[in-house]
Each structure stands twice: as structure tokens, then as C-alpha cells.
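Mapping to full-length UniProt numbering: the sequence shown position 528 is 528, numbers consecutive. The block underneath contains the structure these notes are about, expressed in C-alpha cells.
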Amino acid sequence: MFRSNLMKKFERLYEGTVTQGNPTLLNKIYTELYITESESGEISNEHEVRQIETQSRKAATEDTAIKCNDIFRPLPGQDRAIRTVLTKGVAGIGKTVSVQKFILEWAEGKENQDVQLVFPLPFREINLMKDKTLSLSDLLHVFFPETKEMEISSDEYKVLFIFDGLDECRLSLDFKSEVKLCNISESASVDVLLMNLIVGNLLPSALIWITSRPAAADLIPSECVHRVTEVRGFNEPQKEEYFRKRIRKKRLANKIILHLKSSRSLYIMCHIPVFCCISATVLEKMLSRAESGEIPKTLTQMYTHFLIIQTNIKHEKDYRKKVTDEDMILKLGKLAYQQLVKGNLIFYEEDLRECGIDVTEASVYSGLCTQIFREEFGLYQGKVFSFVHLSIQEHLAALYAHLSCTIKKKNVVGQLKQSLLSKILNRKKCNSLSELHQRAVDETLQSKNGHLDLFLRFLLGLSVKSSQTLLRKLLTQTGSCSYNKVETVQFIKQKIRENPSPEKSMNLFHCLNELGDDSLMQEMQDYLKSGEIRKAKLSSSQWSALVYVLLTSEQKMDVFDLKQFIGAQHIADEVLQYLLPVVKESRSVR
1 MFRSNLMKKF ERLYEGTVTQ GNPTLLNKIY TELYITESES GEISNEHEVR QIETQSRKAA
61 TEDTAIKCND IFRPLPGQDR AIRTVLTKGV AGIGKTVSVQ KFILEWAEGK ENQDVQLVFP
121 LPFREINLMK DKTLSLSDLL HVFFPETKEM EISSDEYKVL FIFDGLDECR LSLDFKSEVK
181 LCNISESASV DVLLMNLIVG NLLPSALIWI TSRPAAADLI PSECVHRVTE VRGFNEPQKE
241 EYFRKRIRKK RLANKIILHL KSSRSLYIMC HIPVFCCISA TVLEKMLSRA ESGEIPKTLT
301 QMYTHFLIIQ TNIKHEKDYR KKVTDEDMIL KLGKLAYQQL VKGNLIFYEE DLRECGIDVT
361 EASVYSGLCT QIFREEFGLY QGKVFSFVHL SIQEHLAALY AHLSCTIKKK NVVGQLKQSL
421 LSKILNRKKC NSLSELHQRA VDETLQSKNG HLDLFLRFLL GLSVKSSQTL LRKLLTQTGS
481 CSYNKVETVQ FIKQKIRENP SPEKSMNLFH CLNELGDDSL MQEMQDYLKS GEIRKAKLSS
541 SQWSALVYVL LTSEQKMDVF DLKQFIGAQH IADEVLQYLL PVVKESRSVR
């Protein structure tokens, strides 16, 4: 009965809501993901898209690939026992789908049959029990009523606990706590139960699998983790395989792949399965018929087209409660922005109420926009909300900040962190988009983990003419605000000059790309083509532009030769210092 219930729950993949989504059999569409064994659980202080760009340049031969079903098995030459596995991966890369596939194959009797019981306990659902005091045995009875008949504490069963989404955890996991539990019938708060289970005081023979976005991976002390793996999403052949599986017409699939390859920034994003889904939805529509307007070449264009397609689908659905696009987009945008600043991807009823959304309204939104906003009923039957992917949340947050400025003349960037008094004193009107952009650039550069990088790219991209035309298709009222694009471009270039770190500047070059300004990059490409670069006296911003050009070129850095940049104007040490980001991502350096 236990296996059969898990099979029913995990055999289908739902797009949108469980109640209204379109279920697809997981085994039909599952594309194998690229998973590697990682050296350690070290944390990257970069936006996840930047991490994807870095990984995309690394040759596959540098990593130890590992199949999802083998994560608890030692690799050849390893003789250690593996109890706890931590799997890292950026949002939308396929961690939850990997967990689903693992559980399904176990429930079907195909894999890992040495394990008798598998307990999936997603953090988004455990959060709903954070104020409860109960024993581990009681907790399992709540989630899996059929376990009431089982004697889990004996050595009769080999048990696996799967905690999916550590980054969504709202419990205070304190691994320094003195509270020690050894019996599964002892009661404690849910966070103390989990901590004792992960440390191994409770059920020391149980296997533990935790998944997390990279930024939260260090919540679990390294001494508690026996193996770290990383889901890398799709590698190059898997990207093409996805589009050929998804798009039935061969010619159209080839056209889509060709278009994505022509834009480096879009093709890099295709490592993320959710982005492939968004691109397929937009490009299938735009390339299969004579569509007016240009085919999206930037991230902002792609996501704005996607939002238009989703709201058009909404119009085809017959809902008694009329929901205007403006109302829905502004409310969801406010939710997206407030939670992005707080670092939350998962929301509960109280988060929605703060933005003026009641729960019935949220159900309507998720029913209208199954590809954008999701409402889930967990095993525990509590309601959990989220955007389908972090990048959709970032795009809506940017749209909210943009419309707040153009329609309401309000600058929302930086407001959340201020105290109530300073908000009242500083309630400045947003006089121009340039002012909003400059504030957003400063806020983003101050962010330690780059969590506003993509938000900034979208915000700037929404101000260009092609985006304004698209927004008019979406909203009856887009407002207007004085805007001087040259002013914003000059401000960004000034920040590149002031910022000695080429790594920090990478996102600013992506921003210039969104604004359609490639003057700095073009200058560097001309130097590279002419071979004159050794003779040129480069400024710090030109070095940063060179790093950007080299890192976004389509060539794999198998051997990177520094000699081509060393000349009378620049000594070897100086060149090495400037080009360190490129050196780090090259397989070998001469």
C-alpha cells in the first residue's frame, strides 16, 4: 500500500497546479540530467545564472558524472559508507524532478531495492508544522498514515528520508543545540527532530538525502554530509534532445535550436530545463507563423513574450470572477518583488495577504496562469504558493518596479530595507526611470550574493523601445516617465570603471547588452580580430570588457594562451591579474 500510494503521487509531472494542471507521465518526458560528484559544499556568492555561465565553460571530463539512482553507492575506488547526501543545484535545474524519478523507480520495484521505506518530506510542507511539538513517529503518521502499522525504529527496515528544498526551509535548524533525541517516540519541536535525524542521533542507520539551491547548502555542517553532488541540468547534447522531444516538427525544432545558439546569453540559460520550456513555448509560437515583431534575442524579450502568451491563454479560459490583467500582474509583481528582496521562493497565506491577495484570488491566479504561479496541496494538505521558476519571479518583480515608477511615480527599490520612519521621511517621488535604474544598479552591486543581478537585467531591459511595444500588448495602462537611456548607459560604464573586479562587472555588461549598447565589447572584439591588443594601452573598464568578450565567446577554453595579451604596454603579472576570471575557467593555461 505504501509503495502504491507513492507511485500514484509521483508517476505524473504536473505543470501548474495539481488540481488544474496538465499531468504528463514522468517516464514519457524525463530527459536524463547531468549530475556530478562535487568536491565539497562550498558556497558561491554569485547569482545562479552566473554560476550556470561558469559551469557551461567547464569541460565534462573535469567532473565525475554520477547517475541519480547511484547517489548512495560508492564510486569505483571509494570504500566509504555513504549515509547523508547533499545535492546542490540552481533553481529550476531539475532537483525535485530527480527526486521524483528516484522515488518512482523505487516504488515500481526497479531501483534501490535494498531500501524498504522511502519518506519524501519536502521542506515547503514541513514549514507548515514548524510550531508543532511531536515525535518523529507522529510526524510520519501525519504525512504517511499507513505507517501506523509499522515498527520503524527496529533494524528490520532500511529507511531513506528525502528532504527536498533546504533553501525553502523556514525552520531554525540549530546544529549547536544540546537537545539530543535517540528515540523516535520522544517529542520535540520539528526543527529539533530534523536536526537529530540529520546528525544521526535518531535512526543512525537511516539514509538521508537533502536537496538545496547553492546559497543555502551551508545550513548543514560539512561533517554531517558524506557526499555532495550537483545537478548541472542539461549538457549540450541534452539541450538539443529536449527541444527535439518537445517540438514534434523537425524543421521547427532545428529553427528554434539555431535561433537560441545565435544568442550566447540565451543558449547558456538552456542548461536550466525550465528556461528550455519557456523558450520552446515562445519560439514555437513565433517561428511557426508570421508573427509581427522581432524574435526575442534578450532575456527580457523572451520573458515578456512568455507573459503575454500566458495572459492570452487566461483570456481563453472562462472564469466567473473577472480578473483584470493589470490587477493580477501588479499584485503578483508586488509579491514577487517583496519576496525576492527577502530571499524567499516559497510563500504562504500570510505572505499573500501582505500584498492584498486573498487565498481564493490566489487559486484563480494559479488556475489562469498555470505556467507562472503555482498553488500546491502537500501531503499535509496545507497550501503552499510559488512562482514556477525564480527567473519568472525576478521578471515580475522588475515589471512591478518599472510600472510603480511609470504609473504611480514611486521608486520601490531599496524601500523594503528602510525603517518605517525613514520611509515616511524619504518617500521621494520617482521623477525618472534613469533615477530608478541608478538606484537599482547601486543596490545590486551592494548585494553580497548577487541575488538582484537578473532582476536588474530585466528592469533595464523593460525600458527599451521593443519592450515598451510589447508591454502595450499586455496592459492598457503602462504610464510614462522621462527617460534618458544614454544617462543610464554612462552610469553603468562609470560603475565598470570604478569596479576593479571583472567578476562583479560581468552582470553590468549583460545589462548593457539588454540596453542594446555593445560599444565597449565591440571595441575589444576589433582589437582581438586585428591582433593589435598587445600594443594597446587598456583601461580597467576595457580589461573588464575583454574578460566579458572572452567568457561569452562560443569557443571552449581548452588552452588559453596569455602571451597574446602580453606586450610592451602590459607585463605578465598585470595581464594575469586582469584575466584571472578567464584563467579560472580554462582547462589549461600557457
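A virtual CB, placed ideally from N, CA and C, is assigned to each residue, including glycine.
Should K584 be labelled buried (16 or more other beta-carbon atoms within 10 Å of its own) or exposed?
Stepping through the sequence shown from its first residue, residue 584 is reached at position 584. Result: exposed.
Could you spell out where the alpha helix (DSSP H) holding K473 opens and where it closes?
Along the sequence shown, one-based indexing puts residue 473 at 473. Note, K473: alpha helix (DSSP H), 465-474.
For I571 and L171, the rounded distance between their alpha carbons
As a first step, residue 171 is located in the sequence shown; it is residue number 171 there, counting from the start. As a first step, residue 571 is located in the sequence shown; it is residue number 571 there, counting from the start. Approximately 53 Å, taken between the alpha carbons.
Would you call Q393 buried or exposed, if buried means 16 or more other Cβ atoms sit within 10 Å of its Cβ?
By 1-based counting over the sequence shown, the position of residue 393 is 393. Classification of Q393: buried, given that the 10 Å Cβ count is 16 or more.
Sequence-distant residues of the same chain with beta carbon closer than 7 Å to S363, five excluded per side:
On the sequence shown, position 363 is the one that residue 363 refers to. Answer for S363: E375, listed in chain order.
Quick check for students: name the residue ranges of the beta strand (DSSP E) that lie wholly in the region 62-148, counting only runs of 3 or more.
84-88, 117-120, 133-135
Would you give the residue range spanned by the alpha helix (DSSP H) that E350 belongs to?
Taking the sequence shown and counting its residues from 1, one reaches residue 350 at position 350. Looking at the DSSP string, the run of the alpha helix (DSSP H) that includes E350 is 349-354.
Taking only the alpha-carbon atoms, compute the straight-line gap between N411 and L512 and give it to the nearest angstrom.
Locating residue 411 in the sequence shown gives position 411, counting from the first residue. Locating residue 512 in the sequence shown gives position 512, counting from the first residue. Going by the C-alpha atoms only, they are around 22 Å apart.
Touching or not, the region 178-195 and the region 129-148, by the rule of three or more beta carbon pairs under 8 Å?
The region 178-195, when compared against the region 129-148, does touch it at the 8 Å Cβ threshold.
If you draw a straight line from the alpha carbon of Y400 to that of A280, how long is it in whole angstroms?
For this step, residue 400 is matched to residue 400 along the sequence shown. For this step, residue 280 is matched to residue 280 along the sequence shown. Taking the straight line joining both Cα atoms gives about 25 Å.
Give me the DSSP bridge partner(s) of W209.
Your numbering for residue 209 matches position 209 in the sequence shown. Here W209 is bridged, per DSSP, to V85, I162.
Quick one: measure Cβ to Cβ for K282 and I309, integer angstroms, because I've assumed they're closer than 8 Å.
For the purposes of this step, residue 282 is taken as residue 282 along the sequence shown, with counting starting at 1. For the purposes of this step, residue 309 is taken as residue 309 along the sequence shown, with counting starting at 1. Lys is not the amino acid found at residue 282; the sequence shown has Val there. The Cβ separation is near 7 Å, so the contact holds.
Going by DSSP, what residue range makes up the beta strand (DSSP E) through R587?
Within the sequence shown, the letter at position 587 stands for residue 587. First-last for R587: undefined, no H or E at that position.
State the CB to CB distance for the pair F458 and T211, rounded to an integer number of angstroms; the pair is presumed to be in contact (CB under 8 Å).
Start at 1 with the first residue of the sequence shown, and residue 458 comes out as number 458. Start at 1 with the first residue of the sequence shown, and residue 211 comes out as number 211. Wrong, their Cβ atoms sit about 27 Å apart, outside the cutoff.
DSSP state of A59 mapped onto helix, strand, coil:
The residue given as residue 59 occupies position 59 in the sequence shown. Residue placement at A59 cannot be trusted, given a pLDDT of 49 that sits under 50; what the coordinates show is reported in the next sentence. DSSP places A59 in coil when its eight states are reduced to three.
Suppose contacts are defined by Cβ-Cβ distances below 9 Å. Is R227 in contact with V388 by that definition?
Along the sequence shown, one-based indexing puts residue 227 at 227. Along the sequence shown, one-based indexing puts residue 388 at 388. No; because the gap between Cβ atoms is not below 9 Å, this pair is not in contact.
What did DSSP end up calling A188 once you bin it into helix, strand or coil?
What you label residue 188 is simply residue 188 of the sequence shown in a count that begins at 1. It is a strand residue.
L173 to L194 span [Cα, whole Å]:
As a first step, residue 173 is located in the sequence shown; it is residue number 173 there, counting from the start. As a first step, residue 194 is located in the sequence shown; it is residue number 194 there, counting from the start. Answer to the nearest angstrom: the Cα atoms are 8 Å apart.
Taking Cβ to Cβ, would you say T444 is nearer than 9 Å to L436?
Sequence index remark: in the sequence shown, residue 444 carries index 444 (1-based). Sequence index remark: in the sequence shown, residue 436 carries index 436 (1-based). No.
Starting from the Cα of A217, find the closest Cα among V413, H395, V90, E11 and give me that residue.
Counted from its first residue, the sequence shown places residue 217 at position 217. Among V413, H395, V90, E11, the Cα nearest to that of A217 is on V90.
Own chain partners of G356 with C-beta closer than 7 Å, once the 5 adjacent residues on each side are dropped
Residue 356 sits at position 356 when you count from the first residue of the sequence shown. So the list reads K331, once near-sequence residues are dropped.
What separation, rounded to the nearest whole angstrom, lies between the Cα atoms of S434 and L460?
Position 434 of the sequence shown, counting from 1, holds the residue named residue 434. Position 460 of the sequence shown, counting from 1, holds the residue named residue 460. Each residue's alpha carbon lies about 9 Å from the other.
On the three-state DSSP scale, how would you describe T311?
Locating residue 311 in the sequence shown gives position 311, counting from the first residue. Helix at T311.
Per DSSP, what are the beta-bridge partners of T444 in this structure?
Stepping through the sequence shown from its first residue, residue 444 is reached at position 444. Paired residues: none, contrary to the question.
Starting from I35, trace the beta strand (DSSP E) in both directions and tell me its first and last residue.
Position 35 of the sequence shown, counted from the start, is the residue given in the question as residue 35. Element bounds for I35: 35-38.
Extent of the continuous beta strand (DSSP E) run through K383:
Residue 383 sits at position 383 when you count from the first residue of the sequence shown. Here the beta strand (DSSP E) through K383 covers 383-387.
Tell whether a beta-carbon distance below 9 Å holds between M506 and P581.
If you number the sequence shown from 1, residue 506 lands on position 506. If you number the sequence shown from 1, residue 581 lands on position 581. Against a cut-off of 9 Å, the Cβ pair of P581 and M506 comes out as a contact.
Quick check on R248: does DSSP put it in helix, strand or coil?
In the sequence shown, the residue the question calls residue 248 occupies position 248. Reduced to three states, the DSSP call for R248 is coil.
Hey, out of L258, F123, S463, P296, whose CA is closest to V384's CA?
Within the sequence shown, the letter at position 384 stands for residue 384. Closest in alpha carbon position to V384, among L258, F123, S463, P296, is F123.
By DSSP's criteria, V228 is part of a beta bridge. Which residues make up the other side?
Start at 1 with the first residue of the sequence shown, and residue 228 comes out as number 228. V228 is bridged to S38, L86.
Rounded to whole angstroms, what's the CA-CA distance from F347 to S386? Just pull it up for me.
Locating residue 347 in the sequence shown gives position 347, where the first residue counts as 1. Locating residue 386 in the sequence shown gives position 386, where the first residue counts as 1. Taking the straight line from one Cα to the other gives about 6 Å.
Buried or exposed: where does E284 fall if 16 or more other Cβ atoms within 10 Å of its Cβ makes it buried?
To locate residue 284, count along the sequence shown from 1; it is residue 284. So E284 ends up on the buried side.
Please look up how many angstroms separate the CB atoms of E11 and L104, rounded, as I've assumed it's under 8 Å.
For the purposes of this step, residue 11 is identified with residue 11 of the sequence shown, where counting begins at 1. For the purposes of this step, residue 104 is identified with residue 104 of the sequence shown, where counting begins at 1. Going by Cβ atoms, the distance from E11 to L104 rounds to 6 Å, so yes, they are a contact pair.
Span of the alpha helix (DSSP H) holding P221?
Here the question's residue 221 lines up with position 221 in the sequence shown. No alpha helix (DSSP H) holds P221; DSSP gives it neither H nor E.
S153 vs I278 beta-carbon contact at 9 Å:
As a first step, residue 153 must be located in the sequence shown, where it is residue number 153. As a first step, residue 278 must be located in the sequence shown, where it is residue number 278. Taking 9 Å as the Cβ cut-off, S153 and I278 do not qualify as a contacting pair.
Measuring only the C-alpha atoms, how far is L207 from L160?
Within the sequence shown, the letter at position 207 stands for residue 207. Within the sequence shown, the letter at position 160 stands for residue 160. Near 5 Å, if we compare the C-alpha coordinates of L160 and L207.
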